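Remarks on the structure that follows.
Residue numbers (our numbering): 9 to 124.
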C-alpha cells in the first residue's frame with residue numbers, strides 16, 4: 009500500500025509541473041529572484057482518502073486551479089488509478105514576497121498564464 013504522505017508528494021509535483029507549463033520561461037528559482045520575487049506556499053489543505061494505492065500502480069494526478077484571489081489561489085487535485093479515485097486534495101496557496109515573506113498580490117503575468 010502507498011504510504012499516505014506520498015500522495016502529498018505526487019500532488020506537489022503535479023502543481024509544480026502545472027506552473028512550469030503555464031510559465032515555461034520561468035523556473036521556481038527565477039520566480040523568487042529580485043526585489044519583486046515571489047514564493048508560493050501552502051496555506052491550508054484538506055485531503056480525502058477514497059481507496060488504497062499499491063506499489064507499481066500507474067497513477068494520474070489531475071490538477072486544476074479553481075479559484076484565484078488577490079493574494080492566494082485554490083487548487084483541486086485528484087489522484088487516480090484508472091477510473092478509481094484514490095484521493096482528493098484541496099490546497100489553498102498564498103503568494104509571498106521573497107524579500108519580506110509577507111503576502112503579496114499575485115503578479116499579473118501569473119494570473120494571465122493560469123487563466124489562459
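By construction, the Cβ of each residue, glycine as well, lies at the ideal position given by its N, Cα and C atoms.
All values derive from a computational prediction rather than experimental measurement.
With H, G and I counted as helix, E and B as strand and the rest as coil, what does DSSP make of residue i?
| i | result |
| --- | --- |
| residue 120 | helix |
| residue 91 | coil |
| residue 66 | coil |
| residue 27 | helix |
| residue 19 | helix |
Using only CA atoms, which one of the options lies nearest to residue i?
| i | options | result |
| --- | --- | --- |
| residue 84 | 90, 98, 94 | 98 |
| residue 58 | 23, 115, 89, 28 | 89 |
| residue 111 | 86, 81, 120 | 81 |
| residue 109 | 28, 18, 20, 41 | 41 |
| residue 74 | 32, 101, 29, 36 | 101 |
| residue 71 | 61, 63, 24 | 24 |
| residue 116 | 106, 21, 31 | 31 |
| residue 17 | 95, 107, 123 | 95 |
| residue 104 | 27, 54, 93, 46 | 46 |
| residue 78 | 43, 91, 28, 114 | 114 |
What does residue i pair with, by DSSP beta-bridge criteria?
| i | result |
| --- | --- |
| residue 73 | 83 |
| residue 49 | 102 |
| residue 35 | Paired residue(s): none; residue 35 is not in a bridge. |
Taking its Cβ as the centre, do 16 or more other Cβ atoms sit within 10 Å of residue i, making it buried, or is it exposed?
| i | result |
| --- | --- |
| residue 13 | exposed |
| residue 9 | exposed |
| residue 15 | buried |
| residue 19 | buried |
Given 8 Å, three or more beta-carbon pairs between the segment 32-50 and the segment 65-75: no
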